[in-house]
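A.B. asks:
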Amino acid sequence: MSAVRHFLDIDDFDTVTLKGIIAHAHEMKAERKSDLAPLLPGAVLAMIFEKPSTRTRVSFEVAIHELGGKAVVLNPNEMQLGRGETIADTAKVLSRYVDAIMLRTGPHETLLELAENADVPVINGLTGRTHPCQIMADIMTYEEQKGSIEGATIAWVGDANNVAASWIHAAARFGFTLKIAAPKEYPPADEFVAFAKSENADVIVTEDPEEAAKDADCIVTDVWVSMGDADADQRKKLLRPYQVNAALMEKAKSDAIFMHCLPAHRDDEVTAEVIDGPRSVVWDEAENRLHAQKAILAWCLESKSKQLGD
Ligand code: CP
Ligand code: NVA
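So in my numbering, spot 204 of the sequence shown is number 184, and the numbers just go up one at a time.
1) Just the C-alpha distance for Met(-19) and Lys194, rounded to the nearest angstrom, thanks.
2) Who are the near neighbours of Ala266 in its chain, counting only those whose CB is closer than 7 Å to its CB and skipping five residues on each side?
3) Just to confirm my understanding: we take Met116, look at its own chain, exclude 5 residues before and 5 after, and list those with CB closer than 6 Å. What are they?
4) Thinking just about the alpha-carbon of each residue, which of Gly64, Asp(-9), Cys113, Tyr222 is nearest to the one in Ile160?
5) Consult DSSP for Asn142 and reduce its assignment to one of helix, strand or coil.
6) Label Glu249 either buried or exposed according to how many other C-beta atoms from any shown protein chain fall within 10 Å of its C-beta, with 16 as the threshold for buried.
7) For Lys13, which option in Ala176, Pro32, Asp211, Leu47 has the closest C-alpha, if you only look at C-alpha atoms?
8) Whole angstroms is fine: what's the gap from Trp146's alpha carbon to Ala98's?
9) By Cβ distance, which residues of its chain are closer than 7 Å to Val73, with the 5 residues on each side in sequence left out?
10) Please report how far the alpha carbon of Glu190 lies from the alpha carbon of Lys231, in whole angstroms.
11) Please find out if some non-hydrogen atom of the ligand CP comes closer than 6 Å to the beta-carbon of Thr291.
12) In the structure shown, what three-state DSSP assignment does Val254 receive?
13) In the DSSP assignment, find the beta strand (DSSP E) that holds Ile28 and state where it starts and stops.
14) Is the beta carbon of Ser206 within less than 6 Å of some heavy atom of the ligand NVA?
15) For Ser260, which beta-bridge partners are listed by DSSP?
16) Mapping DSSP to helix, strand and coil, what is Asn104?
17) If you compare alpha carbons, which of Asp209, Asp256, Ala212, Lys216 is closest to Ala226?
18) Is it the case that the Cβ atoms of Val143 and His111 are separated by a distance below 7 Å?
19) Is it the case that the CB of Cys241 approaches a heavy atom of the ligand NVA more closely than 6 Å?
20) What is the DSSP secondary structure of Trp204, reduced to helix, strand or coil?
21) Could you tell me which residues DSSP puts in a beta bridge with Met82?
22) Report yes or no: do three or more beta-carbon pairs, one from the stretch 174 to 188 and one from the stretch 65 to 72, lie closer than 8 Å?
23) Look up Ile160 in the DSSP assignment and give the residues it is bridged to.
24) Starting from Leu91, trace the beta strand (DSSP E) in both directions and tell me its first and last residue.
25) Using a threshold of 6 Å, is the CB atom of Ser260 nearer than that to any non-hydrogen atom of the ligand CP?
26) With a threshold of 7 Å between beta-carbons, can Thr90 be considered close to chain C, or not?
27) Between the stretch 120 to 138 and the stretch 195 to 203, do three or more beta carbon pairs fall short of 8 Å?
28) If we count the other Cβ atoms within 10 Å of its Cβ and call it buried at 16 or more, is Tyr77 buried or exposed?
29) Going by alpha carbons, who is nearest to Asn268 out of Pro18, Asn180, Ala43?
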């Protein structure tokens, strides 16, 4: 295995490493306004966005700033990448300038090709397949609200998309039950169902939202139409029965929380009553992207941090 510490997917890691990163995130959140020396002075993070972003862009930019470094935000249309330079060549060139690269893209293969050709850590800032940084922040948020997620029951209700896929990886590594309710047209991809089975993870897939929500500690959903999805009208029709509303929240435990990675579409996948109500923790989730990603950057660049500390 390469000595370069990429952060590509949750299933690449063992439980101890993942829990260590999240514990560090909690520590850094508690220390945020203190005057402790930053961990990564002078580190430069390049960020390539092939898709739009609010949270990922701002939270990573603030994260590297708070660690003592700086970000270079790159738009592929303003790079030679947009004129046909290969991702492999881009990886090799950027590796000579920067200490880490974050990529948001559609095809997961693009992320893998970047990582294969980069000499510096590559971080998955969302692909069409997975969104691991989001789920690290979500586990951190769950722990803040309710304690350890081990043994808890999380209900995913809606499109079993890229965010749901990283929840499946997390169920295997953190030891919680994940009940996914999705229409038969938008189930989790076979590879994730096979992964859950091979890992003996407690992942249940149903078409019935009430079955998933029953006695859950947390209900999670996401947009019905992800970036790059073409069939918006069909999705909105088929996913309508999967809306998270007050009646569905009633099926969960009385102290259940509601999560959504955002951006949200009120009165599509979730009612305003739920997302703006007392059980919603979506703003903490958004904030925790910052803290979780500081810990991910610190883990990826631990050897650099040690050099700087010598
Ligand atoms: N949740 C999330 O990744 O948000 P952005 O698309 O705004 O980065
Ligand atoms: N599933 C969504 C997540 C956005 C953060 C998408 O891929 O567009």
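Backbone N, C-alpha and C fix where the C-beta goes; we use that ideal spot for every residue, glycine too.
C.D. replies: Inspection of the coordinates gives the following:
1) To locate residue -19, count along the sequence shown from 1; it is residue 1. To locate residue 194, count along the sequence shown from 1; it is residue 214. At Met(-19), the pLDDT of 45 sits below 50, so the modelled position is not reliable and the matter cannot be decided from this model.
2) Position 286 of the sequence shown holds residue 266. In chain order, Arg35, Leu242 place their CB closer than 7 Å to the CB of Ala266, counting only its own chain and leaving out the 5 sequence neighbours on each side.
3) Walking along the sequence shown from the start, residue 116 turns up at place 136. These residues qualify, in order along the chain: Ala272.
4) As a first step, residue 160 is located in the sequence shown; it is residue number 180 there, counting from the start. Here the closest residue by C-alpha is Tyr222.
5) Here residue 142 refers to the residue found at position 162 of the sequence shown. Looking at Asn142 - three-state DSSP - the assignment turns out to be helix.
6) The residue labelled residue 249 in the question sits at position 269 within the sequence shown. Classification for Glu249: buried.
7) Position 33 of the sequence shown, counted from the first residue, corresponds to residue 13. Shortest Cα-Cα distance from Lys13 to any of Ala176, Pro32, Asp211, Leu47 involves Leu47.
8) Sequence index remark: in the sequence shown, residue 146 carries index 166 (1-based). Sequence index remark: in the sequence shown, residue 98 carries index 118 (1-based). Trp is not the amino acid found at residue 146; the sequence shown has Ser there. Rounded to the nearest angstrom, the two C-alpha atoms are 23 Å apart.
9) Taking the sequence shown and counting its residues from 1, one reaches residue 73 at position 93. No residues qualify anywhere along the chain.
10) Within the sequence shown, numbered from 1, the residue matching residue 190 stands at position 210. Within the sequence shown, numbered from 1, the residue matching residue 231 stands at position 251. So the two alpha carbons sit approximately 7 Å from each other.
11) The question about residue 291 has no answer, for the chain in this structure spans -19 to 290.
12) By one-based count along the sequence shown, residue 254 stands at place 274. Correct three-state label for Val254: helix.
13) Stepping through the sequence shown from its first residue, residue 28 is reached at position 48. Per DSSP, the continuous beta strand (DSSP E) segment holding Ile28 begins and ends at 24 to 29.
14) Start at 1 with the first residue of the sequence shown, and residue 206 comes out as number 226. Yes.
15) Position 280 of the sequence shown, counting from 1, holds the residue named residue 260. Note: Ser260 sits in a beta bridge opposite Phe238.
16) As a working note, residue 104 is residue 124 in the sequence shown. In the structure shown, Asn104 adopts extended strand secondary structure according to DSSP, grouped into three states.
17) Locating residue 226 in the sequence shown gives position 246, counting from the first residue. The option with the nearest alpha carbon to Ala226 is Asp256.
18) Here residue 143 refers to the residue found at position 163 of the sequence shown. Here residue 111 refers to the residue found at position 131 of the sequence shown. Their beta carbons are under 7 Å apart, which means Val143 touches His111 by this criterion.
19) Within the sequence shown, the letter at position 261 stands for residue 241. Yes - the ligand NVA has a heavy atom lying nearer than 6 Å to the Cβ of Cys241.
20) To locate residue 204, count along the sequence shown from 1; it is residue 224. Looking at Trp204 - three-state DSSP - the assignment turns out to be coil, as it is neither helix nor strand.
21) For this step, residue 82 is matched to residue 102 along the sequence shown. Note: Met82 sits in a beta bridge opposite Met27, Ile103.
22) The stretch 174 to 188, when compared against the stretch 65 to 72, does not touch it at the 8 Å Cβ threshold.
23) Looking up residue 160 in the sequence shown gives position 180. For Ile160, which the question treats as bridged, DSSP gives the partners Trp136, Val185.
24) Looking up residue 91 in the sequence shown gives position 111. From DSSP, Leu91 is part of no beta strand (DSSP E) but of the alpha helix (DSSP H) over 88 to 97.
25) What you label residue 260 is simply residue 280 of the sequence shown in a count that begins at 1. Ser260: no, Cβ never under 6 Å from the ligand CP.
26) The question asks about chain C, but that chain is absent: this structure has only one protein chain.
27) Contact between the stretch 120 to 138 and the stretch 195 to 203 is present, with at least three C-beta pairs closer than 8 Å.
28) Taking the sequence shown and counting its residues from 1, the one referred to as residue 77 is at position 97. Tyr77 comes out exposed.
29) Sequence index remark: in the sequence shown, residue 268 carries index 288 (1-based). Minimum Cα-Cα distance from Asn268 among the listed residues Pro18, Asn180, Ala43 corresponds to Ala43.
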